[in-house]
DNA sequence: ATTTAATATTTGCAAATTGCAAATGATTGT
DNA sequence: ACAATCATTTGCAATTTGCAAATATTAAAT
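Chains as they are written, first to last, in UniProt numbering: chain A, 1 to 150; chain B, 1 to 150.
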């Protein structure tokens with residue numbers, strides 16, 4: 001069996017390209033990192049700045065500034081947490097939701113294009129495998145989380 | 001079935017963390033991008049600067065400078081192509097090969113740790129699935145390659 | 001053979017991104 | 001009230017970025 005790492009490396013790289021190719025939505029061009037931020041804010045329920053920064057493995061001071069620029073672009077909103085006024089809860093604006101949804105749509109379209117080269121059984125096996133992989137990585141704790149917080 | 005993209009996004013992110021965690025080898029700390037460059041130079045046979053830049057989807061002027069710093073670190077060597085003196089062929093120095101091999105070792109160790117949470121059948125299925133996925137992505141041409149050269 | 005286009009790589013430069021250290025504002029425990 | 005802790009933001013200096021233009025070499029055209 002060839003080097004397992006090679007398989008993962010190539011796949012991840014390709015998926016990264018896919019991600020980069022889906023960074024514009026309705027005349028709004030955003031960076032790859034910004035796309036990841038929108039995705040993560042959408043996924044979590046009113047996360048704090050720190051939560052998103054940690055999820056993405058970005059330095060928090062860097063992240064703070066990235067949020068500022070997304071706010072300037074009117075894609076993200078910052079609301080003080082009523083329970084703890086130190087924290088700011090992040091959420092997407094209507095426009096932000098639209099951009100995020102549009103990116104999600106593009107990504108899923110691409111993924112379907114990829115899966116069109118497989119039969120139903122293969123597709124099912126692949127999806128099941130990714131799920132398995134994610135669970136195994138979650139169990140492996142330290143190694144697959146943010147380097148700094150590891 | 002939940003959103004397929006979510007599965008891929010999380011997996012890719014985790015694998016990215018894994019990559020970042022494997023960026024030091026024998027007292028030599030390198031950046032994530034530099035790690036990718038070493039990997040790609042190692043994989044290809046005496047590639048040109050342009051070939052590696054395109055494989056990694058990096059702007060070529062940026063890449064040119066990254067190669068320069070790797071040369072300063074004595075991890076990479078640049079040899080003029082005898083057949084076409086415009087191009088410089090890249091290769092790893094002995095030290096570069098050592099660093100690349102060490103990173104590869106760390107990555108495979110981590111991957112084995114992850115696979116230790118599966119039985120042999122599951123592991124086999126997952127690896128087979130990644131292969132399938134890579135083939136399908138290769139067939140889908142445009143979408144999973146570098147954005148600029150699309 | 002000389003001129004012209006193309007190609008691989010490198011620089012100038014100016015803007016954007018980075019992370020550390022320190023500051024701010026808010027909360028908790030004593 | 002007080003110090004310790006925490007979430008977030010700024011100052012700052014260094015690195016990284018990409019575009020446009022320069023350089024060096026090759027291929028094509030006349």
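Note that CB positions come from ideal geometry on N, CA and C, so glycine has one too.
A quick note: this is a predicted structure, and the numbers were derived from the prediction, not measured.
- If you compare the alpha carbons of A:78, A:16, A:29, A:74 with that of residue 50 of chain A, the shortest gap goes to A:78.
- Among the residues of the stretch 5–17 of chain A, those with a Cβ less than 8 Å away from any Cβ of chain B are 5, 6, 7, 8, 9, 10, 11, 12, 13, 14, 15, 16, 17, in the order of the chain.
- Using a Cβ-Cβ cut-off of 8 Å, residue 20 of chain A counts as an interface residue toward chain B, since at least one Cβ of chain B sits closer than that to its own.
- Separation of residue 18 of chain B and residue 117 of chain B (C-alpha to C-alpha, rounded to the nearest whole angstrom) is 17 Å.
- Looking only at B:14, B:62, B:25, B:40, the smallest Cα-Cα distance to residue 10 of chain A is reached by B:40.
- Closer than 8 Å to the CB of residue 104 of chain A there is at least one CB belonging to chain B.
- Among the residues of the stretch 22–48 of chain B, those with a Cβ less than 7 Å away from any Cβ of chain A are 39, in the order of the chain.
- Rounded to whole angstroms, the Cβ separation of residue 14 of chain B and residue 107 of chain A is 17 Å, and the two are not in contact under 8 Å.
- Residue pairing for residue 101 of chain A: DSSP places it in no beta bridge.
- Under the three-state reduction of DSSP output, residue 21 of chain B falls in the helix class.
- Sorting B:75, B:110, B:128 by C-alpha distance to the C-alpha of residue 97 of chain B places B:75 at the top.
- Taking CB atoms only, residue 54 of chain B has no neighbour in chain A less than 8 Å away.
- Between the stretch 20–28 of chain A and the stretch 59–67 of chain A there are fewer than three inter-stretch CB-CB distances shorter than 8 Å, so the stretches are not counted as touching.
- In the three-state scheme derived from DSSP, where H, G and I count as helix and E and B as strand, residue 123 of chain A is classed as helix.
- Contact between residue 38 of chain A and residue 99 of chain A is confirmed by a C-beta separation of about 6 Å, below the 8 Å threshold.
- Note on geometry: alpha-carbon atoms of residue 58 of chain B and residue 48 of chain B lie some 14 Å from one another.
- Annotated three-state conformation of residue 87 of chain B is coil, per DSSP.
- Excluding residues up to 5 positions away in sequence, 88 lie with their Cβ nearer than 7 Å to the Cβ of residue 80 of chain B in the same chain.
- Rounded to whole angstroms, residue 143 of chain B and residue 16 of chain A show a C-alpha spacing of 11 Å.
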